[in-house]
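Numbering (the numbering used here), first residue to last: 2 to 293.
The structure is reproduced here in structure tokens:
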């Protein structure tokens with residue numbers, strides 16, 4: 002279990018993936034400071050190398066240092082994009098358990114932390130993508146300062162693709178990044194899990210292909226239930242074309258399947274505890290055990 006934060010807790014922000022706009026980043030940092038947290042980041046975070054926030058060496062060193070530093074109580078990220086998976090073989094230091102929160106490209110890091118260290122994490126907002134908005138900072142603060150906030154969230158789905166009840170350990174993330182872990186040392190472990198999936202700007206045939214690969218890799222065999230978040234296409238976060246693909250591809254899955262919970266690539270994303278426990282009842286995902 003992780004330690005809750007309090008007024009004055011020290012948070013670090015890393016950029017292991019893509020580059021970003023400095024102004025939006027600083028706005029998010031300012032809001033986090035106003036929320037009562039101390040924020041630490043290096044000037045190298047503003048580096049840019051093509052589609053990456055600097056070299057692999059810079060990004061890996063930053064990530065390694067923050068993960069291993071016991072004075073850092075929580076680690077946040079500037080944004081997703083691409084690049085985090087390149088760094089995992091370069092991480093050498095022992096991780097000091099702490100709150101780690103990210104989504105999208107950070108899926109691979111959260112799965113790495115669980116697979117290698119059994120450290121739970123939060124699948125949730127990032128600084129540039131989300132925490133430059135007051136409402137997201139407010140939700141984040143409640144999540145990390147109140148032990149029961151995660152279990153009291155309203156995680157209602159828009160609809161039920163397959164009814165039923167299930168309970169298990171929560172794991173998942175961005176579908177395309179989950180697929181990228183297959184065949185690696187940090188391949189997702191789905192045994193006895195409630196699997197949560199989301200993605201963005203992936204056309205129906207690509208979602209079909211990824212779900213097919215997930216199934217053929219045997220990753221649905223131990224899954225107790227599945228919940229789907231946002232699968233944004235243009236301005237539609239829950240497109241019917243993607244729902245139709247999910248219905249067809251999961252038609253042989255025996256457990257419950259929920260469609261349309263507001264986590265993932267959403268303007269005000271809900272936060273899920275990867276490594277926590279949950280259950281599906283009706284159209285609800287209920288967190289039965291968080292990570293605090």
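Note that CB positions come from ideal geometry on N, CA and C, so glycine has one too. Just so it is clear, the structure is predicted and the values come from calculations on it, not from any experiment.
Coarse secondary structure for residue 285, derived from DSSP in three states
For the purposes of this step, residue 285 is taken as residue 284 along the chain shown, with counting starting at 1. Three-state DSSP puts residue 285 in a strand.
Since residue 3 contacts residue 100 with CB under 8 Å, what's their CB separation in whole angstroms?
The residue given as residue 3 occupies position 2 in the chain shown. The residue given as residue 100 occupies position 99 in the chain shown. Their Cβ separation, rounded to whole angstroms, is 5 Å, which keeps residue 3 and residue 100 in contact under 8 Å.
Classify residue 45 as helix, strand or coil using the three-state DSSP reduction.
The sequence position of residue 45 within the chain shown is 44, counting from 1. DSSP places residue 45 in helix when its eight states are reduced to three.
Looking only at C-alpha atoms, which of 287, 10, 86 sits nearest to residue 18?
Translated into the one-based positions of the chain shown, residue 18 becomes position 17. That would be 86, whose Cα lies nearest to the Cα of residue 18.
Three-state class that DSSP yields for residue 38 in the structure shown
What you label residue 38 is simply residue 37 of the chain shown in a count that begins at 1. Here residue 38 sits in coil by DSSP.
Between which two residues does the alpha helix (DSSP H) holding residue 141 run?
Walking along the chain shown from the start, residue 141 turns up at place 140. 135-146 is the span of the alpha helix (DSSP H), which, as asked, contains residue 141.
Three-pair Cβ contact test at 8 Å for the stretch 171-184 versus the stretch 141-150:
no
What is the rounded straight-line gap between the Cα of residue 165 and the Cα of residue 6?
What you label residue 165 is simply residue 164 of the chain shown in a count that begins at 1. What you label residue 6 is simply residue 5 of the chain shown in a count that begins at 1. Each residue's alpha carbon lies about 36 Å from the other.
For the beta strand (DSSP E) that contains residue 199, what are its first and last residues?
Looking up residue 199 in the chain shown gives position 198. Unbroken beta strand (DSSP E) run through residue 199: 194-201.
With DSSP as the reference, label residue 204 as helix, strand or coil.
Within the chain shown, the letter at position 203 stands for residue 204. Per DSSP, reduced to three states, the secondary structure at residue 204 is coil, with no helix or strand assignment.
According to DSSP, which residues form a beta bridge with residue 278?
As a first step, residue 278 is located in the chain shown; it is residue number 277 there, counting from the start. Beta-bridge pairing links residue 278 to 170, 290.
Suppose you measure from the CA of residue 182 to the CA of residue 104; what does that come to, to the nearest Å?
The residue you call residue 182 lines up with position 181 of the chain shown. The residue you call residue 104 lines up with position 103 of the chain shown. So the alpha carbons of these two residues sit roughly 15 Å apart.
Under the rule that 16 or more other beta-carbon atoms within 10 Å means buried, what is residue 63, buried or exposed?
Taking the chain shown and counting its residues from 1, the one referred to as residue 63 is at position 62. Buried, since its Cβ has 16 or more Cβ neighbours within 10 Å.
First and last residue of the uninterrupted alpha helix (DSSP H) at residue 118:
Reading the chain shown from its first residue, position 117 is the one you call residue 118. Judged by DSSP secondary structure, residue 118 falls within the alpha helix (DSSP H) whose first and last residues are 108-118.
What separation, rounded to the nearest whole angstrom, lies between the Cα atoms of residue 113 and residue 69?
Locating residue 113 in the chain shown gives position 112, counting from the first residue. Locating residue 69 in the chain shown gives position 68, counting from the first residue. If I take the Cα positions, the gap works out to 15 Å.
Which residues mark the beginning and the end of the beta strand (DSSP E) in which residue 14 is found?
As a working mapping, residue 14 is identified with position 13 in the chain shown. Looking at the DSSP string, the run of the beta strand (DSSP E) that includes residue 14 is 11-15.
Between the beta-carbon of residue 256 and the beta-carbon of residue 225, is there less than 8 Å?
Sequence index remark: in the chain shown, residue 256 carries index 255 (1-based). Sequence index remark: in the chain shown, residue 225 carries index 224 (1-based). Taking 8 Å as the Cβ cut-off, residue 256 and residue 225 qualify as a contacting pair.
Can the beta-carbon of residue 374 be found closer than 8 Å to that of residue 176?
This structure does not reach residue 374, given that the chain is present from 2 up to 293, and the question cannot be answered.
According to DSSP, simplified to helix, strand and coil, what is residue 2?
Here residue 2 corresponds to residue number 1 of the chain shown, with the count starting at 1. Coil, per DSSP.
Three-state secondary structure (DSSP) of residue 80
What you label residue 80 is simply residue 79 of the chain shown in a count that begins at 1. DSSP places residue 80 in coil when its eight states are reduced to three.
Cβ-Cβ separation, residue 194 to residue 219 (assumed contact under 8 Å), whole Å:
Along the chain shown, read from residue 1 onward, the residue named residue 219 stands at position 218. Along the chain shown, read from residue 1 onward, the residue named residue 194 stands at position 193. Contact flag wrong, Cβ pair sits at about 13 Å.
Beta-carbon contacts of residue 47 that lie in its chain and below 7 Å, excluding the five residues immediately before and after:
Taking the chain shown and counting its residues from 1, the one referred to as residue 47 is at position 46. Answer for residue 47: 23, listed in chain order.
Between which two residues does the beta strand (DSSP E) harbouring residue 178 extend?
Reading the chain shown from its first residue, position 177 is the one you call residue 178. Residue 178 -> not in any beta strand (DSSP E); alpha helix (DSSP H) instead, spanning 176-182.
Taking only the alpha-carbon atoms, compute the straight-line gap between residue 201 and residue 40 and give it to the nearest angstrom.
Counted from its first residue, the chain shown places residue 201 at position 200. Counted from its first residue, the chain shown places residue 40 at position 39. Going by the C-alpha atoms only, they are around 29 Å apart.
Using alpha carbons as the reference points, say which of 83, 268, 20 lies closest to residue 54.
Taking the chain shown and counting its residues from 1, the one referred to as residue 54 is at position 53. Selected option, being the one with the closest Cα: 20.
With H, G and I counted as helix, E and B as strand and the rest as coil, what does DSSP make of residue 230?
Here the question's residue 230 lines up with position 229 in the chain shown. Strand.
Outcome for residue 154 when other beta-carbon atoms lying within 10 angstroms are tallied against a minimum of 16:
Position 153 of the chain shown holds residue 154. With 16 or more Cβ atoms within 10 Å of its Cβ, residue 154 is classed as buried.
Contacting residues, own chain, Cβ-Cβ under 6 Å from residue 302 (five flanking each side not counted):
Residue 302 lies beyond the stretch modelled for the chain, which goes from 2 to 293, so this question has no answer here.
In terms of residue numbering, what span does the alpha helix (DSSP H) encompassing residue 243 cover?
Residue numbering aside, residue 243 sits at position 242 when the chain shown is read from its first letter. First-last of the alpha helix (DSSP H) with residue 243: 241-250.
Output the distance between the C-alpha atoms of residue 8 and residue 76, rounded to the nearest integer angstrom.
For the purposes of this step, residue 8 is taken as residue 7 along the chain shown, with counting starting at 1. For the purposes of this step, residue 76 is taken as residue 75 along the chain shown, with counting starting at 1. Distance between the alpha carbons of residue 8 and residue 76: 16 Å.
Span of the alpha helix (DSSP H), counted from its first residue to its last, around residue 64:
Here residue 64 corresponds to residue number 63 of the chain shown, with the count starting at 1. Run containing residue 64: 57-69, per the alpha helix (DSSP H) assignment.
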